[in-house]
Amino acid sequence: MIGLSHYLIVSAIIFSIGLVGVLRRRNLLMLFFATEVMLNAVNIAFAAISHYYNDLTGQMFAFFIIAIAASEVAVGLGILIVLFKRYGSLDLDELSSMRG
Amino acid sequence: MYEIIAFYLFSALTIGLFLVTVMSKNVLYAMTSLAAGMVLISGFFFVLGADFLGVVQLIVYVGAVMALYSFAMMFFDATRDIKEKNTNSALVFLLGGLSALVLVLMFAAPIHSDAIHALYPMHVGVGNAQDVGIVLFTKYLVPFEVAAVMLLVAMIAGIILAGKKMDKSLTKDTSIDDEILVLKDEK
Amino acid sequence: MLTPIHVSLESLNLLTLAPMLIAIAGGLTILILDLLNDKLDKSLYVMITILFLFIDLGAILGLNINVRGFFDVILIDGISIISQILIIAGSMLFIPLALTSKRFHEYSYPEFFALFLFMVAGFQFMVTSDNLILIFVGIETASLALYTLIALHNRANSYEAAVKYFTMGALSAAFFAMGSAVIYGLTGSVELYKVAEVMSTRLNETGLMIAIFGSSALLLVAFGFKLSLFPFHTWAPDVYEGASAPLAGYMSVVPKVAALVVSIRIFGMYIDLGIEWVRIVIIALAVITMTLSNIMALVQQDVKRMLAYSSISHAGFIMAALALDTTEGTTSIFFYYTLFMFTNLGAFSMLWISRHKNRRFNEQYDHPYEKFSGFIHIMPVGAVIMALFMLSLAGVPPFSVFWGKIYVMQAAVNSGYIWLAIVMGINSAISAYYYLKLVVYMFLKEPVKDVDTVYYNLSKPLLAIIGLATLATVTAIFYAQPLLSYLYYMISASGY
Amino acid sequence: MDNILSVLVFFPAVAGLLGFVVDQKSIKAYGLTVATIEFLLSLWLWFSFDMGNSGMQFVELVPIIPDMGVSYYLGVDGISLFIVIMSTLMTLLGMASMGETKDIKNMIITLLFLEMTMVGVFVALDAIIFYLFWELSLVPMLYIIGAWGGNLRIYASIKFFLYTFTGSLIMLVGMLFVAYTYHNLTGVWSFAITDWYSIVLPVSYQMWLFAAFFIGFAIKVPMFPFHTWIPYAHGQAPTIGSVILAAVLLKMGTYGFVRFSLPMFPDASVMAITPIAIISIIMIIYTAMIAYAQKDMKQVIAYSSVSHMGIIMLGLFAMNAEGISGSVFQMLSHGIVSGALFMLVGMIYDRRHTKLLSEFGGLTAVMPKFAIIFGIMLMASVGLPLTIGFVGEFLVLLGFYNVSPFMTILAGTSIIVGAIYMLRVMKLAFFGPLNNEENKKLKDLNARETWSLIPLVMIVVWLGVYPKPVLTPIDNSVKSLLTFMDKKAITQEAKDMIRVSKSTKEAK
Amino acid sequence: MENLVYIALFAPFVSSLFAALFGMTERKVWIGIVASILLGISWISSVTLAYHIYITGEPIHVTMMDWINAGDIHIPFGFVVDQVSVTMMSVVTTVSTVVHIYAIGYMDHDKSFNRFFSYLSAFVFSMMILVMSDNFAGLFIGWEGVGVCSWLLIGFWYHKEDLPREQNPSISPSWAANEAFIVNRIADLGMLVGIFVIYWNTGTLQYDEVFAQLPNLSPHILTIAAIALFIGAMGKSAQFPLHTWLTDAMEGPTPVSALIHAATMVTAGVFLVIRANPLFAMTPDVSFFIASLGTFVAFYAASMALVERDLKRIIAYSTLSQLGYMFAAAGLGAYWIALFHLAAHAFFKALLFLGAGNVMHAMHDELDVFKMGELRKKMKGTWIYMTLASLALGGLPPLAGYWSKDAIIETAFNEHTYFLWFILVVTAGMTAFYSFRQIFLTFHGEDRHTALGFHPHEMYKFVLVAMSPLAVLAVITGWFMKDYEEFITELLPAYEMSEHTHHLTAYLGLIVLAFAISGIVLAYFKYARTGKNAFKQDANVEQGFIFKLLKNQYYVPAIYERFITEPYKVISGILWTSVDVKIVDATVDGIAKFLYTSGDKTRSMQTGNLSNYLNWMAVGGVILLVVAVISAMIA
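Residue numbers (the working numbering), protein chains in the order written: chain A, 877 to 976; chain B, 4 to 190; chain C, 70 to 565; chain D, 87 to 594; chain E, 18 to 652.
Below, the structure is given as structure tokens:
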């Protein structure tokens, strides 16, 4: 049988994949993809727990996470656009005028 | 049996697709696999009986978010291969692996307990959408409304940030000594 | 079949929602006004914002303590009231700083003020709930608005700051979500009082400790980011530098207060459950944070960046108080932040009035120390006030932060953490160096030749704010007692 | 006037604030007037002081932050009375002796604020108020050194500030812990020193607290090895800064030991006798030798200060009335004498813009008045009988002899090594042929300089010949302090060590 | 009578203040006259007091006011005039009055004339406090006071520059002054310790109360107190090894040498021992040590005088030697004899010095006796005075020195310390030799000075007249020895010669006399003759080891220089530059620098690169998680 742990482990693996993505991506757009992956991983966990506890709270949480992810995309892309206009690039290695 | 097959299939596919998302050098591939992964995750939701969530996932992610991303991709003209300097990939994978290991360790624990009683139980014979609707519009009405505000914020933010007004600075900041010089010139 | 649900209006306790609704209504009002007439001046929006904040404050003060509302999602207890008062007060001090004598990009947007009010509402939601979902949504509302406000300053640095803040914020959101998921998995609930109940029954189950510790660790990452604890603080200096000076000052107080309240609720719960590990880790992080940021502040060439590091260090100070998890400790957090708010906002305002578009003194920095060389000769009163703020931040009595510092240290001593108090003392001493450095530049050096330092951004509203901050900084000794007894009463009444 | 202490503390500050209005040209007259009034007020304090009463007088108590136990609590006893008077006197004379100074307005106002903090420290009976003035005194001093100092002034001023600040923060933790313990024992928060006296602390607590307070005070004193800020501070400070620093600010440290460490931690104090005596002896001999090696006249006096502070420290831990009274008297004496010496060095610096001994020689021929006053102060500094310097030094050594003859002999070498470095200065600067051309046209002291030094000369002689009016109140308070310590001590060793005077015993 | 006490004490003080008022003005002769008159008043008072005491035998005790009251210690300004102090007072005022008058003449060309009188009178005042005080603290006031005045007066010609030791063995007046002060301070520490011991064991510092309690104290304490006090005495009385300053002190004006470094101040140590005789009487070991040291110094100093060429230094050595005699007597218990010798010595030694001053005045400050000779004709008065004084010093009857010195030598014999006796007898011979060597070289023999361009002339008449009382006293003092014994032994313990000694008195006296006369004769043959027998410097002798040893004062100053002064300088320098700056301060700065550099290093974590920041965050998060898991597993 597939237990809760199975789902959670898949969620954990996807979360880690997302983390790897966040860490290795230098292109901001693709970095954002990775954050989406991470949030989706959490969603799996919530849905699974919700299912096994027969409780709706998890689905609520997942629902709000989806909403949050969507608004983050909007704001994030907005910032990326102004950034791109100014820098002409999305490479975050070029973003280091402030340091030290 | 059916569940097992679905689970493993979806797991393998999502993991694979997300790996592509994370590792691919091509934005298009990455985005496509991300979208596909999202779709498969909604599959998880359906398997787990969260039908409403599955639908929302499809609509919001695959429909809205992905559309936004693709527009953005076009705007940024990022269809070409992205060159990325990965100076410390060993560290990255070490961290990823470690976090996976730790999280798996955590989740391998007997988290599930029969002693926990659902606070907002699903009802037998009631559709998931109805169940969700009731909880969402009673208990979680406030967060729901706040989420609306949040989306409004996101909308305003998106609009003003991407707007033309941002193209040049409106900050007016000539210094007094400049002005004095001007005055002197006028005399 | 589902049975229809009957909900009585009284049980919803709608009044508990009133403060946030007022803020949101204010934001909407501004948006509508803008729609009706897009030629309106920023001063109007500033005043409308202040008015709504004022009503908001009134609504907060009218709340009863220890009530829940709206299906128990809203929780009004002592710390939520005082933190809301702090948030509103900080916001009211911040927003008049828009009334500079010069024009700045962000203030030409009416949306700036709307977003600001939404952000305030977001913070208020954060602090008035113990439901992780609402907290999460509140955090994101506030953060998204804040990212935008930063970016609206419309300079390359501010974009960079916004991107950095945003990206790391997204990562922290993921950690928060993951942590919540683990909690949910452990207890079947996301409401903290319920969580505490269930978790206390599950503490002795074998194998669960990993998950419990893990959940706290994941949440610590998220809040470590918000509170700029080492090693999650890396965004802070850059963001403070990139943001406009008033916003940087604001960020060093208000969002932190909101995040602290949530941290008190979450980590206080862990500590109350007897999970000492959390306390140890927080104290360790706090100590590292204050020390590291202090020594990094030592070498800064830019005053704003120095203040950013100093804010991090102060946050570390406070975080240590949080880990004590005693009534005094919690009181000290708010006591400290109240006193710190005036001084820090005052200091950032002083930077704000000396803002130049062009970097006259240094290629890289807006506010290098050299800019303040011989400030005493150029603007004696300004120099004295700035020096007062610096001395206050350094913890020289009788200025405001000193009282906060000794209260925090007293709380540490009372809990038996004498070594912590000593570490705090030594850190204060280290920090004195960089505050003093500015004083030295202002008082003991000659003005830089050939480059006129002009401080023309000053206007009457700014003067009033700075005056208020100065007054509050200097006379702290007189209002410390009522403030303290009020805070202590509110906090002990809600059981922290 | 019951609130004379408040007036005494805040009058200079208020005057300082008002001073912003006064014109640059008249500011010195204004400052002198204020300082004179302040000095007269402090004299009035002395005249209305009840000499027979060894306890606190003119007490004022207003709670400020009751929840934290902080109150505005002032009072003087025989020990603090004269230090207050000395502070006001040295401020007045220092100001009077000030020559041409740039930004004189800032200087005068800063001095007035500094005066407030100095008086405040010595009359505060609440630990937090004490700490408040203690820390606050750093700020004007920082400004004085930093704005009017020599080439290394910024380094020196920051070093001074940070060093003292660091120490006092650790002391603050100690204070908080005492308050906490007091709260545990009584259920009340209080920072009042007199309340703290009433609790008996276990020996282990006493030791740790003693150490915490020690760091704060020792840096201020400054005790070896925490003394290295002082050569820089003195070396760079303008004359007035050195005068106040040496005369008053250093006394804060030793005063702190009397006010806090001794009565609150009698057992720990007794245990600390040997280590402190060793440090003091190192201070006495080591810094005296360093003073001998100096090339700069002012540095000699700066190091000599450290050496003399060693004597004061030694006396405080003699645990008998002779030693402690002598030590308190020595504080006054060192204040007057080193203040005068710094003023003298300042006067020659004003003329020649150098303090290097090698630049001078044979000055007596051109500046006889200067040489005479310098000679008198030198003799007071080396502790010649019938000058103020002898009384304290004699009593300290006498008192400490009861503790350890051997260490007293080592400490007593101060009269030798002290003479060695001071006479060297005298010889190099004032004796020998007048070779340097630039020195040949030096003018002797003018009226202003002379008259700001004459009072000090008179005090030096007066208190050397007839110290009774000052020594008696000090002695009364010290005796009751010792009786109190003896009563409070827990361990038998401490009780044995603390020597209550016979006269006090008989009075009982 | 009390008023007389105060007059005797304060007249010099008034004189000093009066002169000080004019200290910075032109030379005014009348200041010297006023000062001398005031000193004269003091002298009259002292003598009157002496007569009063002699008649009544009752000491006068006055307490002026309190000085120090702290804890249990009460120190008043109290003065006691008894047999001992009145002796000292009389001696001091006599000599100082003469010296004051003398100085009017001697200092007449010095522009600091007024200042000189101020110092000189201040010295007399201090000396009076020293001898009159009724307690140890008061003694110490005077003790230090005379030290300072001595410092001021030795360094009176402060403007002279330092010369290398080869040119001027005392380097410079200011150097010599500092040396004197510092050496005295070393001894004063001993004195202070003695005072402390006495206070903590008796609870008081008043002489009478202290002496009353002495029998209750343990011998151990008594010994320590005695040693400590004697160390004090050694400094002031320039006993070995603290003697070097005395010869260097000759840099001061000659009246100063006469008053301070011959007649009065240097005898303060002897006075202390006499004053504290109950204490020393109870510590026979210490006393014996004092006697031995005294004897040693007597010989040691005399030996150096044998080869010295400097007129004043010869006299200084003889002073040193005579102090040795006094200590020998005091150490052997013959306190009154010591005091008697002290008085007698004061008169003839002052006379000798003043005579030397006349010579110096005549020779324009030239002091090398080898450059004089045959001065007798030009300076008859001085020649007579100095010869008289030298005869007294050499111990020829019936002059003062004979009686007192003979008594001391007899005492040594009486105490069965034959070795000491022998040395003292030999020293007496040496004393006679070097005194007359100096007289003969100066006043007799070949005229060596004219060739060198000196044209000596006699001193003013009034000066010579003023010196006459000393001359008279140098002659007659010894005649009153019996009366004095009667007078003084009311206070001091009587010293009785044993039967055995009594029998041998005459023989013993003859032996001493024989030594003395042979010394004079030897000196005459060697130095006084003229013509072909005239004295010539003998290079062989001067190259000899012993000559060099003596000439270089047994290399003691060199040793001090090498092993004390220089190392002190070097160590001070090292302590400053290496220890204080490079270790202590560098540690403090090092901590600050460490913080600063670590700030600089840590700063590099803030690369500005977002990816790096994310890495930090992830690293932090993962480490937190790992720690959480590990600690959970442990728990």
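We put the CB at the ideal spot given by N, CA and C, even for glycine. Treat the numbers as computed from the prediction; the structure is a model and nothing was measured.
(message) Give me the subset of the stretch 586-610 of chain E whose CB atoms are less than 9 Å from a CB atom of chain C, sorted by chain position.
(response) A609
(message) Buried or exposed, going by whether 16 or more other CB atoms sit within 10 Å of the CB of D/S393?
(response) buried
(request) Can you tell me which of the three DSSP states A/E912 falls into? (result) helix
(request) Grab me the residues of C/S561's own chain with a C-beta within less than 6 Å of its C-beta, minus the 5 sequence neighbours each way, in chain order. (result) T396
(request) Under 7 Å Cβ to Cβ from B/T17, same chain only, skipping five residues before and after it: list those, please. (result) G40, L43, I44
(request) Verify the CB distance criterion: does C/L213 have a CB-CB separation below 8 Å to chain A? (result) yes
(request) Output the boundary residues of the beta strand (DSSP E) element that contains D/F516. (result) Looking at the DSSP string, D/F516 is not in any beta strand (DSSP E), and its letter there is neither H nor E.
(request) Note the first and the last residue of the continuous beta strand (DSSP E) segment covering E/T80. (result) 77-87
(request) With a threshold of 16 other CB atoms inside 10 Å of the CB of D/P555, please say whether the residue is buried or exposed. (result) exposed
(request) Return the chain-ordered list of same chain residues with a C-beta closer than 8 Å to the C-beta of B/K190, the five sequence neighbours on each side being excluded. (result) Low per-residue confidence applies at B/K190: pLDDT is 45, beneath 50, and the placement is therefore not dependable, though the value from the model is reported in the following sentence. So the list is empty, once near-sequence residues are dropped.
(request) Just the C-alpha distance for A/L971 and B/F78, rounded to the nearest angstrom, thanks. (result) 20 Å
(request) May I ask you to list, following chain order, the residues of the stretch 547-575 of chain D that have a beta carbon less than 9 Å from some beta carbon of chain E? (result) V551, Y552, P553, K554, L557, T558, I560, D561, V564, K565, L568
(message) Please give the ranges of any alpha helix (DSSP H) in the stretch 181-259 of chain D, keeping only runs that are unbroken, at least 4 residues long and fully inside the region.
(response) 190-209, 213-222, 224-234
(message) Short of 7 Å in beta carbon distance, which residues of its chain neighbour E/L234, apart from the five on each side in sequence? Order them along the chain.
(response) N218
(message) To test your reading of the DSSP string, which unbroken alpha helix (DSSP H) runs of 4 or more residues are found completely within the stretch 442-495 of chain E?
(response) 478-493
(request) Figure out for me which residue from A/A945, A/M877, A/Y963, A/D967 has the closest Cα to the Cα of C/A225. (result) A/Y963
(request) Could you tell me which chain C residues have their CB closer than 7 Å to the CB of B/V156, listed as they occur along the chain? (result) L184, F187, T210, L213, A214
(message) Tell me the DSSP secondary structure of C/Y234 in three-state form.
(response) helix
(request) Ignore the nearest five residues each way along the sequence and tell me which others in D/T473's own chain have a CB closer than 7 Å to its CB. (result) M465, A466, V546, V547, G550
(message) Distance check for C/R424 and B/L184, CA to CA, integer angstroms please.
(response) Unreliable placement is indicated for B/L184, whose pLDDT of 44 sits below 50; the coordinate value is still reported in the next sentence. Whole-angstrom Cα-Cα distance: 20 Å.
(request) At 3 residues or longer, and completely inside the stretch 41-121 of chain E: list those beta strand (DSSP E) runs for me, N to C. (result) 77-87, 90-98
(request) Inspect the CB distances between the stretch 326-342 of chain D and the stretch 194-208 of chain D and report whether three or more fall short of 8 Å. (result) yes
(request) Say whether chain E places a C-beta atom closer than 8 Å to the C-beta of A/R962. (result) no
(message) Measuring straight from C-alpha to C-alpha, what distance separates C/M478 and C/L489?
(response) 8 Å
(message) Going by DSSP, what residue range makes up the alpha helix (DSSP H) through D/V431?
(response) 407-438
(message) Suppose only complete runs of 3+ residues qualify. What are the beta strand (DSSP E) ranges in the stretch 504-558 of chain C, listed by chain order?
(response) none
(message) Just verifying my parser: in three-state terms, what is the DSSP assignment at D/Q322?
(response) helix
(message) Are the CB atoms of D/A374 and D/G498 within a distance shorter than 8 Å?
(response) no
(message) Please classify C/Y565 as buried or exposed, where buried requires at least 16 neighbouring CB atoms within 10 angstroms.
(response) buried
(request) Could you tell me whether the stretch 364-379 of chain D touches the stretch 427-435 of chain D, using the rule of 3 or more Cβ pairs below 8 Å? (result) no
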